[in-house]
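What follows is one structure encoded as structure tokens, with my remarks underneath.
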Amino acid sequence: MNSGHQHRIFGRRAQEHILILASGDKVRHMTVRPWMAALAFCFVGVFSIGYLLATSYLVLRDDLIGATMARQARMQHDYEDRIAALRAQVDRITSRQLLDQQVVEDKVDKLMEQQMALTSRHGKLDNLLDRAESSGLTEKDGAPSSPVQSYAPDLKDKRASLTGSGIEAIEKQLASGAPADATPDNSTLAYVPATDTVGDRADRVFSKVTLSLKDVEQDQRSRVEQLTSDAGNAANAIETVLTRFKIPMPETAARKDDDDAVGGPYVEPESNDGFNSSLAALDGALTRLEAVRSTAESLPFRNPAIGKDVTSPFGNRRDPFLGRLALHSGIDFRFSPGERIRPTAPGKVISAGWTGGYGNMVEIDHGNGISTRYGHMSEILVKVGDTVDRNDVIGLAGSTGRSTGTHLHYEVRQNGHAVDPVYFMNAGLKLATYIK
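Taking our numbering, the leading residue of the sequence shown gets -14, the next gets one more, and so forth.
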């Protein structure tokens, strides 16, 4: 009853498989469980798959090995080609860098040559500017010394120089910016040129420097030419005044003497650029100006008594002692007793002492046949043979000789003949901008 009840509840029980093995008199049996069947089935499946794989491997092994070797060979060739391309690109970049370096060195050499040329020019310009300043064309600050010069060159503030600091600045500009990419991306074998190389930056920098130097040189040249023109105009103005007084031009004699005493082997000039020619022209103009200016400064073109009253002019007048018409060979200036008397130009004392109606008189020879006389002095402070300058005191005002009161009798003589000093003083006013 219990068994029937279980069958109704759990269903019919599955029968187990029994494996019987008989060997002679011996009989063995083994119950085959479901898990054992499953395990055996799995083992057989794995064995079959392994067998199939092994068989396939043995069959396809040569093809697989060949394909693998071919793939490896292709990869090796690709890498070798890439390495060769990279090496070629590195060689090109290295060659370009060497070429850029050579270009930069050549340009630096050229700049150094220009620096040496500018340094040489500066020495010549310094000398010429000092001479121009001493000739009255420019002041210490480069401003015009007189309204005659329409434009006085300020070359001292415009001298172009390329010093070591300038070279360092150029090197800094060359070093600035991103360097050229020497190792391009390995994903491509195409050559990618650098966007901005050292040579390109050098070309830009040196182009700017060269243009700047050319601008400075052109400015210097125009200023030198203007200064040459001013020197020539000043020399012409002085020569015009000297010609009126029949004073020989000193440069004519100098050129004749130079032509008679020069010589030497012919050597090609150092350079043939226009700037050196303009410097030579300026040197010649300044030499000419210095010569005529020196001559003008040695002549009595100044007023011996600035601010003093004229008591008697040059020319015929009634003699104060005789009462009849007589020639007054000079100009009388009112002076206070004992007031200092200075010459109107440098020269050499050729007479100093009592001289008839002049009283105490000093005569100074200024060259070119021109001399000046200072009469009626109370005291003479120089002697014959002394060399005096414009600021030296030659005597004290008085009333010696034929004199009615304290005054200075000033007289100008040319080739031994008395001339009106007013002519010289008026000429001195015209030359005031050229002579000291």
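The beta-carbon is built from N, C-alpha and C at its ideal position, and this holds for glycine as well.
Item	Value
Give the single residue among N301, F318, R319, P305 whose Cα lies nearest to the Cα of A311.	N301
Roughly how many angstroms separate the alpha carbons of G370 and I291, rounded to a whole number?	27 Å
Quick check on N411: does DSSP put it in helix, strand or coil?	helix
Return the first residue and the last residue of the alpha helix (DSSP H) that S80 is part of.	19 to 119
At what residue ranges does the region 297 to 352 contain a whole run of the beta strand (DSSP E), taking only runs of 3 or more?	300 to 303, 310 to 313, 316 to 319, 332 to 339, 345 to 352
Find the nearest neighbour of T340 within the set Q99, L284, G386, F260, judged by alpha-carbon distance.	G386
So, under 8 Å CB-CB, L122 and D188 are touching, yes? Tell me the CB distance rounded to an integer number of Å.	Between D188 and L122 the Cβ distance is about 41 Å, and since that is not below 8 Å, they are no contact.
Where does A266 fall in DSSP's three states?	helix
Can you find the residues in the same chain that come closer than 6 Å, C-beta to C-beta, to P322, ignoring five residues on each side of it along the sequence?	T391
What residues in its chain sit with their C-beta under 7 Å from that of W20, if we drop five residues either side in the sequence?	none
Quick check on the DSSP output: the beta strand (DSSP E) that includes L6 runs from which residue to which?	2 to 8
May I ask you to verify whether the region 388 to 404 touches the region 343 to 362, counting CB pairs closer than 8 Å and requiring at least 3?	yes
Give the secondary structure of V367 by DSSP, where H, G and I count as helix, E and B as strand, and everything else as coil.	coil
Between the alpha carbons of T16 and V29, how many angstroms are there, rounded?	20 Å
Per DSSP, which one or two residues make a beta bridge with V194?	BP columns for V194 are empty, so no partner.
Can you give me the Cβ contacts of G383 inside the same chain, cut-off strictly under 8 Å, excluding the 5 residues immediately before and after it?	P322, G323, G344, N345, H361, M362, S363, E364, T391
For A382, report the span of its beta strand (DSSP E) as first-last.	380 to 382
Can you name, in chain order, every residue of its own chain whose Cβ lies under 6 Å from the Cβ of F191, other than the five neighbours on each side?	K92
Does the beta-carbon of T329 have 16 or more other beta-carbons within 10 angstroms, so that it is buried, or is it exposed?	buried
Tell me the residue span of the beta strand (DSSP E) that contains R398.	392 to 399
Counting C-beta neighbours from all protein chains within 10 Å, is the total for F26 16 or more, i.e. buried, or is it exposed?	exposed
Spatial neighbours of Y408 within its chain, please: C-beta separation below 7 Å, excluding the five flanking residues on both sides.	none
Note down the Cα distance separating G51 from A58, rounded to an integer number of angstroms.	10 Å
Would V295 and D268 be called neighbours here (beta carbons separated by less than 9 Å)?	no
How long is the line joining the alpha carbons of N90 and T195, rounded to whole angstroms?	In the sequence on display, residue 90 carries Glu and not Asn. Going by the C-alpha atoms only, they are around 15 Å apart.
Short of 6 Å in beta carbon distance, which residues of its chain neighbour A163, apart from the five on each side in sequence? Order them along the chain.	Below a pLDDT of 50, predicted positions are generally treated as unreliable, and A163, at 46, falls in that range; no measurement from the model is reported.
Pick out whichever of P305, L307, E348, H313 has its Cα sitting closest to the Cα of I326.	E348
In whole angstroms, what is the alpha-carbon distance linking L71 and D85?	21 Å
So, are the CB atoms of V277 and P235 less than 9 Å apart?	yes
Taking the alpha-carbon positions, what's the G338 to A270 distance?	43 Å
Once DSSP output is grouped into helix, strand and coil, what is the label at G217?	helix
Measuring CB to CB, does V226 end up less than 9 Å from K415?	yes
Which whole-angstrom value is the C-beta distance of V334 and K368, which I expect to be below 8 Å?	7 Å
Counting along the chain, where does the beta strand (DSSP E) carrying V404 start and finish?	402 to 404
Buried or exposed: which applies to F320, given that a residue is buried once 16 or more other Cβ atoms fall within 10 Å of its Cβ?	buried
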